[in-house]
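Let me begin by presenting the structure, written as structure tokens, before commenting on it.
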Amino acid sequence: MRVAMFGYQTWGHRTLQALLEAPDLEVVLVVTHPRSDHAYERIWSDSVADLATEHGVPVLIRERPDDEELMAALKEADLDVIVATNWRTWIPPQVFNLPRHGTLNIHDSLLPKYAGFSPLIWALLNDEPEVGVTAHMMDDTLDAGDIVLQRSVPVGPRDTTADLFHKTLALFGPLTVDGLRLIASGRTDWTPQDRSQASFFHKRADEDLRIDWTWTAQELDRLVRAQCDPYPNAYTYYRGQRIRVLKASVSQAVYGGTPGRIFYREGDGVAIVAGADARRGRSKGLVIERVRLDDGTELAATELFRTMGGYLGHSPS
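Residue numbers (the UniProt record's numbering): 1 to 317.
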């Protein structure tokens, strides 16, 4: 099969690597985005362009795939299929319908759930038991086309988003190659997505990282694990400075009072009152164990919170 790939970052790099290694696939064109300064695009940023160039594959750099030069290159490539992996902007119908077999999109969630952006982070926040990768045929609605192939991995009790990234990244190459081989076999009996189960999520932003102490300790524990290094960390404010929380867990004891209160040393950390029901004495706290200051200094929470009392808040004031 003659293949063009639209891809970006490490997901695209790993997918392209698998395509290049498959003896029955010929990668004839690669389209990728320019490097970005966005916080979530500076990480997992292996270069698709560099890999393609190393293998002698022509590369086009685009933010959006909608110009005449690109269309001419796609038509000249005489494509059987396009593969799209972590492509960050809309691909128009004149592009995704151009190849003989259409376009296979690879998305890192178990569609129809978690379409859109940062699916692993959102899934971890929502305490999903598993995450995965879906290969589906592209249509007019983002991440909504018929499913060709889908594979999943379990979410461990202390997994971070970085752990889930590595688990799901290992699925990308094999899933893509297997999906293309199913297409090449002549099959078209793909599985329509159940739109009643669909959810679409936005990009993560700074507001999504700010700790709300009315969340339960269990929810905040997942937030800290979801926003682990190398992702931007969950944060709160203490005595006018921003504190990034690197490591935390749910307390053993129940701590009653006002959410955000710096309350008690427990184990290797400091328990913070959490949860809307905390004033009724029904909520466990979040034990903060390790933090990072704005200047990059990392320290144990017990070094920062040397005396109990006071509050962690939403703002410097």
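The beta-carbon is built from N, C-alpha and C at its ideal position, and this holds for glycine as well.
Quick caveat: nothing in here was measured; it's all calculated off a predicted structure.
* Asked: Starting from Phe6 and walking both ways along the beta strand (DSSP E), at which residues does that stretch end?
  -> For the purposes of this step, residue 6 is taken as residue 6 along the sequence shown, with counting starting at 1. First-last of the beta strand (DSSP E) with Phe6: Arg2 to Gly7.
Once you ignore the five residues that flank Val59 on each side, which residues in its own chain have a CB closer than 7 Å to its CB?
The residue you call residue 59 lines up with position 59 of the sequence shown. Closer than 7 Å at the Cβ level, and outside the excluded window around Val59, lie Val30, Thr32, Ala49, Ala52 and Thr53.
- Item | Span of the beta strand (DSSP E), counted from its first residue to its last, around Leu60 | Stepping through the sequence shown from its first residue, residue 60 is reached at position 60. Unbroken beta strand (DSSP E) run through Leu60: Val59 to Ile61.
key: Rounded C-alpha distance that separates Leu164 from His107   = Locating residue 164 in the sequence shown gives position 164, where the first residue counts as 1. Locating residue 107 in the sequence shown gives position 107, where the first residue counts as 1. Taking the straight line joining both Cα atoms gives about 14 Å.
| query | Can at least three beta-carbon pairs, one atom from the segment 20-27 and one from the segment 175-185, be found at a separation below 8 Å? | reply | yes
Measuring CA to CA, which of Arg181, Ile262, Asp139 and Leu120 is closest to Thr168? Your numbering for residue 168 matches position 168 in the sequence shown. Taking only the C-alpha atoms, the option nearest Thr168 is Leu120.
Assigned secondary structure, Leu111 (DSSP; H/G/I helix, E/B strand, else coil) | Looking up residue 111 in the sequence shown gives position 111. In this structure, Leu111 counts as coil in the three-state DSSP scheme.
Item to complete: Leaving out five residues on either side along the sequence, give the residues of the same chain with a beta carbon under 7 Å from the beta carbon of Thr89.
Response: Reading the sequence shown from its first residue, position 89 is the one you call residue 89. Here the set comprises Glu63 and Arg64.
Q. If we ignore side chains and look at the alpha-carbon of each, how far apart do Arg306 and Gly269 end up?
A. Locating residue 306 in the sequence shown gives position 306, counting from the first residue. Locating residue 269 in the sequence shown gives position 269, counting from the first residue. CA-to-CA, the gap between Arg306 and Gly269 works out to about 11 Å.
Task: Val155 - containing alpha helix (DSSP H), residue span - done: Here residue 155 corresponds to residue number 155 of the sequence shown, with the count starting at 1. No alpha helix (DSSP H) holds Val155; DSSP gives it neither H nor E.
Q. Where does Arg210 sit, in a helix, a strand or coil, going by DSSP?
A. One-based indexing of the sequence shown puts residue 210 at position 210. Strand at Arg210.
Leu209 versus Arg225 - alpha carbon distance:
Your numbering for residue 209 matches position 209 in the sequence shown. Your numbering for residue 225 matches position 225 in the sequence shown. Taking the Cα positions, Leu209 is about 11 Å away from Arg225.
- Message: Residues in the same chain with beta-carbon distance under 7 Å from Arg222, minus the five sequence neighbours each way, listed in chain order, please.
- Response: Position 222 of the sequence shown, counted from the first residue, corresponds to residue 222. The residues are Leu124, Leu125 and Asp127.
- Alpha-carbon to alpha-carbon, Ala271 and Ser251: Taking the sequence shown and counting its residues from 1, the one referred to as residue 251 is at position 251. Taking the sequence shown and counting its residues from 1, the one referred to as residue 271 is at position 271. Using only the alpha carbons, I get a separation of about 7 Å.
- Task: Return the CA-CA distance between Gly132 and Arg151, expressed in angstroms with no decimal places.
- Result: On the sequence shown, residue 132 is found 132 positions in, with the first residue counted as 1. On the sequence shown, residue 151 is found 151 positions in, with the first residue counted as 1. Cα-Cα distance, rounded: 6 Å.
So, at 6 Å on beta carbons, what are the nonlocal neighbours of Glu35 in its own chain, with the 5 sequence-adjacent residues on each side left out?
In the sequence shown, the residue the question calls residue 35 occupies position 35. According to the sequence displayed, residue 35 carries Arg and not Glu. Nothing meets the Cβ criterion.
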